[in-house]
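Chemist:
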Amino acid sequence: MDYAEHERTYAFFTGLTKYGTIACVVVLVLMAIFLL
């Protein structure tokens, strides 16, 4: 198993999860502001 490749994939995945979560929160906040 290539450990460096695994670590790079893991870092990419955690970054994607973090930014995805932030994007979801932003969308929910904007919906709350404009729709309620």
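Residue 1 is where the sequence shown starts when you use the working numbering, and the numbers rise one by one after that. Beta carbons are placed, not taken as given, at the ideal position from N, Cα and C, and that holds for glycine.
1. Rounding to the nearest angstrom, what Cα-Cα distance links C24 and L36 in this structure?
2. Which class does L16 belong to by DSSP, given the choice of helix, strand or coil?
3. If you draw a straight line from the C-alpha of F34 to the C-alpha of Y3, how long is it?
Modeler: In brief:
1. When rounded, the distance between both Cα atoms is 17 Å.
2. In this structure, L16 counts as helix in the three-state DSSP scheme.
3. A direct Cα-Cα distance of roughly 46 Å separates F34 from Y3.
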